[in-house]
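Just so we're on the same page, my numbering is the position in the sequence shown counted from 1, plus 40. The beta-carbon is built from N, C-alpha and C at its ideal position, and this holds for glycine as well. These numbers were taken from a predicted model, which means no experiment stands behind them. What follows is a short report on a single structure.
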Amino acid sequence: MSPSLSNSESLRRTMVEKQIVARGICDKNVIDAMLRVPRERFVSPDCFTQAYEDKALPVGPGQTISQPFIVAYMTQMLMVEPGHRVLEVGTGTGYQTAILAQIGARICTVELDDNLLRSAMHRLTEMNLAANVSFRSGDGAKAYRDVAPFDRILVTAGSQLLPEELVGQVGCGGLMIIPVGRGKTQMMLRIRVRDGVRIEQPLIACRFVPLV
Ligand code: SAH
């Protein structure tokens with residue numbers, strides 16, 4: 041069924057029930073945000089009918105919008121709270137950015153591809169979700185010393201190694217989530233920084249487009 045305006049809400053409810061809550065996501069803020077953000081606005085017209093399916097979708101050459109469960113899982117594991125300062129590396133379509141914005145985070149999102157960044161900015165502005173988002177063009181793996189440190193850092197592209205400069209921008213008591221691996225798949229890592237000590241926790245295997 042095509043997600044027309046009238047049934048997109050019910051498709052979203054089914055997606056949240058079957059793909060997200062059924063797989064153990066229980067953070068109320070995350071569930072609420074996933075129920076509110078219309079995913080069909082982020083996919084290309086030829087994938088419109090698949091907007092609520094349990095998979096990543098292509099959005100351009102070599103680019104994807106992540107599977108809904110992965111977005112929910114990363115957001116839950118990041119333990120985002122309203123008012124948190126979040127750095128997101130890899131804006132892509134802006135769907136993950138929209139989920140973070142819906143939760144009430146203050147976000148700095150960085151994207152290498154200017155066209156993707158512009159479309160994401162346009163979408164979020166139309167959806168009234170851009171007020172607390174600063175959109176930056178460039179290499180997000182570099183340091184953003186003018187705006188660091190962050191309460192949370194979320195990298196939505198797979199890195200071969202842990203980018204030390206980025207870890208250094210996690211504030212005290214902060215968290216970072218990043219997929220790391222040399223092959224086609226990566227291990228999603230959660231890094232906790234407290235009193236200068238860093239604790240790395242492997243979460244799940246995943247497959248993201250490469251961090252360039
Ligand atoms: N979270 C996105 C999906 C991101 S796909 C969504 O919800 O749609 C990964 C994105 O990371 C791609 O758009 C890619 O262009 C971008 N990217 C890759 N390397 C990057 C880098 N070094 N800095 C910023 N963005 C990068």
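One question on the structure: do residue i and residue j come within less than 9 Å of each other, judged by their Cβ atoms?
i, j, result
"Leu194", "Met216", "yes"
"Ala141", "Val111", "no"
"Gly208", "Asp191", "no"
"Thr89", "Pro98", "no"
"Ala91", "Arg79", "yes"
Given a threshold of 16 other Cβ atoms within 10 Å of its Cβ, counted over all protein chains shown, does residue i qualify as buried or as exposed?
i, result
"Met41", "A caution first: Met41 carries a pLDDT of 46, below 50, which makes its placement in the model too unreliable to give a value."
"Ala171", "exposed"
"Thr149", "buried"
"Ser106", "buried"
"His84", "The question names His, but residue 84 in the sequence shown is Ser. Exposed, by the Cβ-count rule."
"Gln59", "buried"
"Thr115", "buried"
"Leu127", "buried"
"Val120", "buried"
"Ile239", "exposed"
"Arg52", "buried"
"Ile139", "buried"
"Arg63", "exposed"
"Ala245", "exposed"
"Thr54", "exposed"
"Asp94", "exposed"
On the DSSP bridge assignment, give the partners of residue i in chain order.
i, result
"Phe190", "Val210"
"Gln226", "Cys246"
"Cys87", "Answer is none; Cys87 lacks a bridge partner."
"Glu128", "Thr149 and Leu194"
"Ile231", "Met216 and Glu240"
Taking the beta strand (DSSP E) that residue i falls in, what are its first and last residues?
i, result
"Ile239", "Val237 to Cys246"
"Val99", "Leu97 to Gly100"
"Thr104", "Gln103 to Ile105"
"Arg254", "Any property of residue 254 remains undetermined from this structure, which presents the chain solely from 41 to 252."
Within the continuous alpha helix (DSSP H) that includes residue i, where are the two ends?
i, result
"Ser331", "Coverage of the chain is limited to positions 41 through 252, which leaves residue 331 absent and any answer about it impossible."
"Pro108", "Pro108 to Met117"
"Val70", "Lys68 to Arg76"
"Leu201", "Counting along the chain, Leu201 falls outside any alpha helix (DSSP H), and DSSP gives it neither H nor E."
"Gln59", "First-last for Gln59: undefined, no H or E at that position."
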